[in-house]
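Protein chains in written order, with our numbering: chain A, 1 to 542; chain B, 1001 to 1178. Structure, as structure tokens:
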Amino acid sequence: MSNKTVKCECGHVNHEGTVLCEACGKPISGNQHIDGNDQNDVLEMRYEGSARRSKTYKRTIVDKTWGFFSSVKVGVWLIVITLIASSLGTIYPQEQFKNSPLPSSQFYEEEYGLTGKIFYQLGFHNMYDSWWYIVLVALIGISIIIASIDRFVPLRRALKNQSVKRNEIFVKRQRLVSENNTLNDEDLTSLKENLKKKRYKVSEEDGHIMAEKNRFSRWGPYVNHIGLIIILLAAIFRMFDLMHTEEYVWVREGETRVLPNTNQEYYIENTEFIYEEYDSNEEEQFRVALENVENPVPKNFQTNAIIYRSTEDTITGQLPDMEEVTRGQIRLNQPLTFDGFALYQAGTQLESEYRTIGFDLENDEETLGSFEFDTDEAPYSFELEDGLEVEVDNYFPELEFTDNGPSSFSKFPRNPGIIFSIENPETTNVERFFYLQEDVISLSDDNELNLSVSDIDRRSASGISITRDYTLPIFGLGAAIFMIGVVQGLYWYHRRIWIHPTESSYHIGVHTNKNWFGMKKELEEITKDTNVQSFHDQQELK
Amino acid sequence: MERKKKRLIFRSAVLAILVGTLVFVLIINLNQDRPSLAEGAEAPNFKLDRLDENGAIELNDLEGQGVMINFWATYCEPCKEEMPHMQELYEEYEDQGIEIIAVSVDKNEFVINNFYNSLGLTFPSVHDRNETVMESYEIVPLPTSYFINPDGTIERIVKGPLTLERLDEYFQEILPEA
């Protein structure tokens, strides 16, 4: 078997599927149907009329697959399907953002009704990580790569091998044409000079003249696609912990916590949490704006943090020796960065917990002493002056009452309940007290002592998101190359002018890949003060 | 002929790379949510102080014994309900080479000891104050129990409470050979 070839009358042997002869540009008879080209229409100049291989060979499975992905039609459909799917996924929140203790199987139906149920059952609640969505995006990537290879290779070949001398039909069937010009040497010289002034590259062969400029504009789409592929690669890199991690940790004021996903190497201490609101008394310029709002307007969420790094390998569970790495203020959109990590202010539980609760103990006559219950330490007892002892019988960080009596809902001191017993030094009776909801109640009627709350200190919990993202520069690079490709293809035009001598006169054919209006204006300047007749636009006449 | 062959090789190679990348990405994506600690893997070592002041307990020191690591908290009702079962079987299996470590993720030792003493539990109780052990064992729900073979590999991971019968069955699985 040999490759089928098509021989043009100029003698050049073309690949099967060629639309316009590679050498002289004459339409290959019988092959013009490929791009819907008719005998007398303006020539279809896409891909220079070169043979796109995928359109011609479909023998093996590899060729068929290649042909499938090479199709722009397939590519467009893939993009449309992906667009529709992507937009459907945004109708309701994705699973990780649903922000509800309900399991997904109940959440979507209860919150959004029937459509929510359908959304969940179709798996749209986890769309962007689903295998089929990844496959869709990957298919677009494959389509981009194959379609680009399939077009770039023959196009580059065709543009590289352009001959100056073209077939008469090729020149006469360009879109902008000026036929049967009688030109003298002066005209030709002036034309060439004008072309050069307009930065055309002018070449000559046997009296034939070809002028060309801005060929690089034709590579715009391929540069653009390289950018897209780099973006897709960055998305793949993002799947690896080494390149990208995102975690979340709640850290309370005064607390030191290990930063998740750092192999227990880094720790964060929250030294202070600051919350501020806009105040119309202090900031006159906001007075009018603040008059119309009911709720206070937050101005600042800030965590003052110290970052430590362990200096030794320890067995998990043991606190290692640590050294300070950095300290600073974490504000909304102003992260604290160190060693590739960025810590963002991402959540607040404002004054949600009790740090300490102060108590005064007195009998009828005098104050017997005071003590402070620290919710972190939660001591078993307090020693007061005069050897008076206060026992802590029970402590519930977040008090709730169940069938089994008082218990705690969580480990966080959001609503502490404390049971004290104190031996009355005078009567030697043990008196019991229950602290709850910032008040103390006596657990028996004959208590003679009086326990009361003296002061309360609350604290906030700060939600910190820890990200490490080395893929951002790659995304940036991809986006930059993408834009370069767009600019290259859009703001420059590949323009060519063929001056074709016949026995008695000259035909001039003109082609530009876009902006025909600009081309016409440029032609006016080029042909100024010459005998070239005005060009007619063969497409416009129809 | 030559050119056609070359083209086929080129196309096959490009398609193979692209499809290979897609398969690779799908596998990575599939494994993303899968915990790295599975049954059969080696249990990560840890060392925590015993709350009964009898020094520290380190998992690696318990090689040769079957170990149950029970992650619990006082605010977790089902955790507290399975504790008496654990105590009952501990008394039976302790001499046969089974150890139980109750790792509390509470905040205050007060609440742990208060509960522990009220039930008269005797197996070691430790406090994962910094939640580092919890992180390395990828604990999500409470209670979660790990059953560790005498050779240090994970025999079984149980998320949720255990009945007496189940517990007995699982202890049999990790019982060292006499």
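For every residue, glycine included, the Cβ atom is placed at its ideal position computed from N, Cα and C. All figures in this text were calculated on a predicted structure; none of them were measured in a lab.
query, result
"Is there a Cβ from chain A that is less than 7 Å from the Cβ of residue 1012 (chain B)?", "yes"
"Relative to the C-alpha of residue 494 (chain A), which candidate in A:91, A:129, A:215, A:18 has its C-alpha closest?", "A:215"
"Mark residue 1020 (chain B) as exposed unless 16 or more other C-beta atoms lie within 10 angstroms of its C-beta, in which case mark it buried.", "exposed"
"Between which residues of its own chain and residue 394 (chain A) is the CB-CB distance below 6 Å, once the five residues before and five after are set aside?", "419"
"With H, G and I counted as helix, E and B as strand and the rest as coil, what does DSSP make of residue 494 (chain A)?", "coil"
"Roughly how many whole angstroms lie between the Cα atoms of residue 1105 (chain B) and residue 260 (chain A)?", "16 Å"
"Whole beta strand (DSSP E) runs in the region 1012-1098 of chain B with 3 or more residues, listed along the chain?", "1047-1049, 1056-1058, 1066-1072"
"Taking residue 1028 (chain B) as the query, report the chain C residues whose CB atoms sit under 9 Å from its CB, ordered along the chain.", "Considering every chain present, this structure includes no chain C. Its protein chains are A and B."
"Ordered along the chain, which non-local residues of its own chain (more than five positions away) have a Cβ less than 6 Å from that of residue 1177 (chain B)?", "none"
"Using only alpha-carbon positions, find the residue among B:1170, B:1057, B:1145, B:1071 that is nearest to residue 1124 (chain B).", "B:1057"
"I'd like to check one pair, residue 307 (chain A) with residue 325 (chain A): are the Cβ atoms closer than 7 Å?", "yes"
"Which residue's Cα is closest to the Cα of residue 232 (chain A): A:533, A:345, A:135?", "A:135"
"If the cut-off is 9 Å on Cβ atoms, which residues from the region 1063-1079 of chain B count as contacting chain A, listed in chain order?", "1073, 1074, 1075, 1077"
"Name, please, each residue of chain B whose Cβ falls closer than 8 Å to the Cβ of residue 258 (chain A).", "1130, 1131, 1132, 1135"
"For residue 2 (chain A), I'd like the list of residues in its chain whose CB is within less than 7 Å of its CB, leaving aside the five on either flank, ordered along the chain.", "Interpretation of residue 2 (chain A) is limited by its pLDDT of 41, a score under 50 that renders its predicted location unreliable; no figure is taken from the coordinates."
"Alpha carbon to alpha carbon, what distance is there between residue 1008 (chain B) and residue 69 (chain A)?", "15 Å"
"If we count the other Cβ atoms within 10 Å of its Cβ and call it buried at 16 or more, is residue 1092 (chain B) buried or exposed?", "exposed"
"Which residues of chain A have a Cβ atom closer than 7 Å to the Cβ of residue 1114 (chain B), listed in chain order?", "394"
"How is residue 125 (chain A) classed by DSSP in three states: helix, strand or coil?", "helix"
"Could you work out which residue in A:184, A:49, A:132, A:83 is closest to residue 1029 (chain B) when comparing CA atoms only?", "A:132"
"At what residue ranges does the region 1101-1134 of chain B contain a whole run of the beta strand (DSSP E), taking only runs of 3 or more?", "1125-1127"
"So, under 8 Å CB-CB, residue 153 (chain A) and residue 1015 (chain B) are touching, yes? Tell me the CB distance rounded to an integer number of Å.", "No, residue 153 (chain A) and residue 1015 (chain B) are not in contact; Cβ-Cβ is about 16 Å, not under 8 Å."
"What's the C-alpha gap between residue 1054 (chain B) and residue 381 (chain A)?", "22 Å"
"What's the gap between the Cα of residue 1133 (chain B) and the Cα of residue 322 (chain A)?", "18 Å"
"In terms of residue numbering, what span does the alpha helix (DSSP H) encompassing residue 157 (chain A) cover?", "131-160"
"Touch check for the region 1110-1121 of chain B and the region 1133-1151 of chain B: three-plus C-beta pairs under 8 Å?", "no"
"Contact criterion: CB-CB distance below 7 Å. Does residue 1047 (chain B) meet it with respect to chain A?", "yes"
"Below 8 Å on the Cβ atoms is my guess for residue 21 (chain A) versus residue 12 (chain A); work out the distance and round it to an integer in Å.", "6 Å"
"Using C-beta distances below 8 Å, list every residue in its chain close to residue 353 (chain A), excluding the 5 sequence neighbours before and after it, in chain order.", "252, 375, 412, 413, 414, 458, 459, 460, 461"
"Within the 7 Å Cβ cut-off, does residue 1108 (chain B) reach chain A?", "yes"
"Please look up how many angstroms separate the CB atoms of residue 199 (chain A) and residue 513 (chain A), rounded, as I've assumed it's under 8 Å.", "Rounded, the Cβ-Cβ distance is 16 Å, inconsistent with contact."
"Which of the three DSSP states, helix, strand or coil, is assigned to residue 1146 (chain B)?", "strand"
"Can you confirm whether the region 193-210 of chain A touches the region 518-536 of chain A when touching is taken to mean that 3 or more C-beta pairs between the two stretches lie within less than 8 Å?", "yes"
"Would you call the CB atoms of residue 86 (chain A) and residue 95 (chain A) closer than 7 Å?", "no"
"Whose C-alpha, out of B:1168, B:1158, B:1127, is nearest the C-alpha of residue 1074 (chain B)?", "B:1127"
"Tell me which residue opens and which closes the alpha helix (DSSP H) that residue 519 (chain A) is part of.", "516-526"
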